[in-house]
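K.L.:
Quick one: structure below, then a few questions.
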Amino acid sequence: MPRTLPQLRTEIDSVDQQILALLNQRATLANEVGEIKRAEGSPVFRPDREAQVISKLQSANAGPLEARNIANIWREIMSACRALEEPHRVAYLGPAGTFSEQAAVQFFGSSIERVPCVSIDEVFRSTASGTAEFGVVPVENSTEGVVARSLDLFLHTPLHIVGETSLLVRHNLLRSVDSRDGIEVVIAHPQALAQCQGWLSTHLPHVERRAATSNAEGARLATQNPGWAALASDRAATEFGLHIVAHAVQDDAFNRTRFAVVCLPQTLPAPESSGKDCVSLIVSVPNRPGAVHDMLVPLKVHGVQMTRFESRPARSGQWEYYFYIDLQGHTSESNVAAALKDLQAACAFYKVLGTYPQSD
39 MPRTLPQLRT EIDSVDQQIL ALLNQRATLA NEVGEIKRAE GSPVFRPDRE AQVISKLQSA
99 NAGPLEARNI ANIWREIMSA CRALEEPHRV AYLGPAGTFS EQAAVQFFGS SIERVPCVSI
159 DEVFRSTASG TAEFGVVPVE NSTEGVVARS LDLFLHTPLH IVGETSLLVR HNLLRSVDSR
219 DGIEVVIAHP QALAQCQGWL STHLPHVERR AATSNAEGAR LATQNPGWAA LASDRAATEF
279 GLHIVAHAVQ DDAFNRTRFA VVCLPQTLPA PESSGKDCVS LIVSVPNRPG AVHDMLVPLK
339 VHGVQMTRFE SRPARSGQWE YYFYIDLQGH TSESNVAAAL KDLQAACAFY KVLGTYPQSD
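Its first residue numbered 39, the sequence shown is counted upward by one per residue in my numbering.
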């Protein structure tokens with residue numbers, strides 16, 4: 039006989055009580071682990087360990103929950119356990135409702151102390167000064183490429199990268215009036231305007247495009263004038279009480295932004311190997327023929343895969359460049375360590391930005 043709805047609800051209530059008891063049991067164990075770590079002077083937050091926990095659970099998952107659901111649930115559980123002592127202070131490009139805030143919550147869980155900043159520069163400053171323990175900054179978009187300001191700031195910052203997260207970015211057209219008619223100005227971060235330029239040229243060809251410090255700031259400004267619209271997330275629409283007058287207007291349906299999680303080395307040393315890691319670095323080479331080739335040879339010799347290679351002007355006036363490189367692997371692996379040693383010998387400038395677990 040099929041179970042009735044009241045019977046199923048009774049069973050669900052019983053399971054919920056078991057889950058609650060187990061969650062509190064886990065929190066108690068996590069507290070004991072935290073006490074041992076504090077006595078040893080080791081960091082409470084271990085992104086490598088958390089990545090391993092989630093990966094192991096996803097491998098053991100028999101369904102019907104999907105792997106991404108398992109990751110989301112356990113990040114929140116681990117975030118709540120960490121916050122029993124003191125929530126992490128996390129800086130990001132604000133105000134509330136930005137994709138940067140969403141990325142911070144996706145990486146750390148929602149049990150954090152939010153530190154919204156007015157610019158990417160301020161995220162770096164807040165994290166370097168200790169106002170925030172961690173910072174979350176955009177570094178790359180699948181449509182528009184690198185976020186140049188973040189890369190430039192990495193050059194001289196004392197911060198290093200300890201994690202990353204990737205976010206599916208959907209830009210919506212938001213407005214205080216529930217209509218597309220009569221829009222005079224569209225306000226958003228320059229990256230968002232660029233990611234939606236095709237849609238805007240087709241549907242709002244004569245509307246002024248105005249840059250803002252963030253998409254959420256554009257949403258806030260759109261509340262002040264019925265003729266203004268913003269490009270922002272559905273979260274920003276809720277935050278500022280705006281109508282979504284057009285959904286997902288980005289030109290690339292699979293538009294993603296990659297975010298780096300940064301902190302001072304004394305806040306968290308480089309995470310240990312998780313089994314799926316990335317090494318990020320900045321280098322420059324002497325301005326001579328074949329220098330870039332010589333720089334890349336050690337990677338081939340030692341069998342290390344490069345996953346990103348970007349250049350930025352060195353601003354020396356001599357047509358010199360810095361190269362931003364991502365490698366697969368961890369600095370504790372012998373072939374990676376050997377490749378980095380040989381690569382450094384070929385460089386005029388060499389800086390490892392971080393070794394950290396790769397995002398899914």
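Every residue, glycine too, gets a C-beta built ideally from N, C-alpha and C.
Which partner residues of N210 appear in the DSSP bridge assignment?
P.N.:
Stepping through the sequence shown from its first residue, residue 210 is reached at position 172. Partner residues in the beta bridge of N210, as assigned by DSSP, are A270.
K.L.:
How would you label S80, buried or exposed, when you count the other beta carbons within 10 angstroms and need 16 or more for buried?
P.N.:
By one-based count along the sequence shown, residue 80 stands at place 42. Answer is exposed; the Cβ neighbour count stays below 16.
K.L.:
Who are the near neighbours of E121 in its chain, counting only those whose CB is closer than 7 Å to its CB and skipping five residues on each side?
P.N.:
Translated into positions along the sequence shown, residue 121 becomes position 83. In the sequence as presented, Glu is not what sits at residue 121; that position holds Ala. These residues qualify, in order along the chain: S149.
K.L.:
Drop a sphere of 10 angstroms on the beta-carbon of R41, count the other beta-carbons inside from all chains shown, and report buried for 16 or more, exposed for fewer.
P.N.:
Reading the sequence shown from its first residue, position 3 is the one you call residue 41. So R41 counts as exposed.
K.L.:
By Cβ distance, which residues of its chain are closer than 6 Å to I92, with the 5 residues on each side in sequence left out?
P.N.:
Walking along the sequence shown from the start, residue 92 turns up at place 54. Contacts found: A109, W112.
K.L.:
Determine, using beta carbons only, whether I199 and S318 come nearer to each other than 9 Å.
P.N.:
Mapped onto the sequence shown, residue 199 falls at position 161. Mapped onto the sequence shown, residue 318 falls at position 280. A contact, by the Cβ cut-off of 9 Å.
K.L.:
When we look at the beta-carbon of I74 and count the other beta-carbons within 10 Å, is it buried (16 or more) or exposed?
P.N.:
Within the sequence shown, numbered from 1, the residue matching residue 74 stands at position 36. The residue in question, I74, is exposed, as its Cβ has fewer than 16 Cβ neighbours within 10 Å.
K.L.:
Out of curiosity, what's the CA-to-CA distance linking I115 and Q235?
P.N.:
Indexing the sequence shown from 1 puts residue 115 at position 77. Indexing the sequence shown from 1 puts residue 235 at position 197. Looking at the two C-alpha atoms, the distance is approximately 39 Å.
K.L.:
Assign F172 to buried or exposed, taking buried as 16 or more other Cβ atoms, counted over all protein chains shown, within 10 Å of its Cβ.
P.N.:
Looking up residue 172 in the sequence shown gives position 134. Counting other Cβ atoms within 10 Å of its Cβ, F172 reaches 16 or more and is therefore classed as buried.
K.L.:
Roughly how many angstroms lie between the CA atoms of S311 and R218, to the nearest whole one?
P.N.:
One-based indexing of the sequence shown puts residue 311 at position 273. One-based indexing of the sequence shown puts residue 218 at position 180. Taking the straight line joining both Cα atoms gives about 50 Å.
K.L.:
Can you tell me whether M39 is helix, strand or coil according to DSSP?
P.N.:
Position 1 of the sequence shown, counted from the first residue, corresponds to residue 39. Looking at M39 - three-state DSSP - the assignment turns out to be coil, as it is neither helix nor strand.
K.L.:
Enumerate in chain order the residues of its own chain whose CB-to-CB distance from P154 is below 6 Å, with the five nearest sequence positions on each side excluded.
P.N.:
Taking the sequence shown and counting its residues from 1, the one referred to as residue 154 is at position 116. Here the set comprises G132, P133.
K.L.:
Is the beta carbon of S322 closer than 9 Å to that of T136?
P.N.:
By 1-based counting over the sequence shown, the position of residue 136 is 98. By 1-based counting over the sequence shown, the position of residue 322 is 284. The answer is no: Cβ separation not under 9 Å.
K.L.:
Given a cut-off of 9 Å on the beta-carbon distance, is the pair N293 and R208 in contact?
P.N.:
By 1-based counting over the sequence shown, the position of residue 293 is 255. By 1-based counting over the sequence shown, the position of residue 208 is 170. For N293 and R208, yes; Cβs fall inside 9 Å.
K.L.:
Beta-carbon within less than 7 Å of P324's beta-carbon, same chain only, minus the 5 sequence neighbours each way: which residues are those?
P.N.:
Taking the first residue of the sequence shown as position 1, residue 324 is located at position 286. Counting only Cβ-Cβ distances below 7 Å, and skipping sequence neighbours, we find A386.
K.L.:
Using the rule of at least 16 other Cβ atoms within 10 Å of the residue's Cβ for burial, across every protein chain shown, is S164 buried or exposed?
P.N.:
Translated into positions along the sequence shown, residue 164 becomes position 126. Classification for S164: buried.
K.L.:
Y130 and V156 - do their beta-carbons sit closer together than 9 Å?
P.N.:
Numbered from its first residue, the sequence shown carries residue 156 at position 118. Numbered from its first residue, the sequence shown carries residue 130 at position 92. Not a contact, by the Cβ cut-off of 9 Å.
K.L.:
So which of G328, Q229, T369 has the shortest CA-CA distance to V342?
P.N.:
Position 304 of the sequence shown, counting from 1, holds the residue named residue 342. Among G328, Q229, T369, the Cα nearest to that of V342 belongs to T369.
K.L.:
Shortest alpha-carbon distance to E358 belongs to which of R326, F347, L365?
P.N.:
Position 320 of the sequence shown, counted from the start, is the residue given in the question as residue 358. Ranking the options by Cα distance to E358, first place goes to R326.
K.L.:
Threshold first: 4 residues or longer. Then list the alpha helix (DSSP H) segments lying entirely within the segment 134–206, N to C.
P.N.:
137–146, 158–167, 186–192
K.L.:
Note the first and the last residue of the continuous alpha helix (DSSP H) segment covering H281.
P.N.:
Working through the sequence shown from its first residue, we reach residue 281 at position 243. No alpha helix (DSSP H) contains H281, which is instead part of the beta strand (DSSP E) from 281–284.
K.L.:
Determine the DSSP secondary structure at E314, reduced to helix, strand or coil.
P.N.:
Here the question's residue 314 lines up with position 276 in the sequence shown. Correcting the residue type first, residue 314 is Lys in the shown sequence and not Glu. Reduced to three states, the DSSP call for K314 is coil.
K.L.:
Tell me, please, which residues DSSP counts as bridged to K389.
P.N.:
By one-based count along the sequence shown, residue 389 stands at place 351. I320.
K.L.:
Does the distance from the CB of M333 to the CB of A384 come in under 9 Å?
P.N.:
Position 295 of the sequence shown, counting from 1, holds the residue named residue 333. Position 346 of the sequence shown, counting from 1, holds the residue named residue 384. Yes, the pair counts as a contact, with Cβ atoms nearer than the cut-off.
K.L.:
Would you say A298 and V175 are within 9 Å of each other, going by their C-beta atoms?
P.N.:
Counting from one through the sequence shown, the residue named residue 298 turns up at place 260. Counting from one through the sequence shown, the residue named residue 175 turns up at place 137. Cβ distance < 9 Å, so A298 and V175 count as in contact.
K.L.:
At which residues does the beta strand (DSSP E) containing C301 begin and terminate?
P.N.:
Stepping through the sequence shown from its first residue, residue 301 is reached at position 263. 294–301 is the extent of the beta strand (DSSP E) around C301.
K.L.:
Counting along the chain, where does the alpha helix (DSSP H) carrying E88 start and finish?
P.N.:
Residue mapping note: residue 88 aligns to position 50 of the sequence shown, counting from 1. Where E88 is concerned, the enclosing alpha helix (DSSP H) stretches over 85–98.
K.L.:
Comparing C-alpha positions only, which one of A268, A260, V82 sits nearest to A284?
P.N.:
Indexing the sequence shown from 1 puts residue 284 at position 246. For the options A268, A260, V82, the alpha carbon positioned closest to that of A284 is the one of A268.
K.L.:
Once DSSP output is grouped into helix, strand and coil, what is the label at R326?
P.N.:
To locate residue 326, count along the sequence shown from 1; it is residue 288. For R326, the three-state secondary structure derived from DSSP is coil.
K.L.:
Spatial neighbours of C119 within its chain, please: CB distance less than 8 Å, with the 5 preceding and 5 following residues excluded, ordered by chain position.
P.N.:
The residue labelled residue 119 in the question sits at position 81 within the sequence shown. Cβ within range, chain order: R64, A65, A68, N69.
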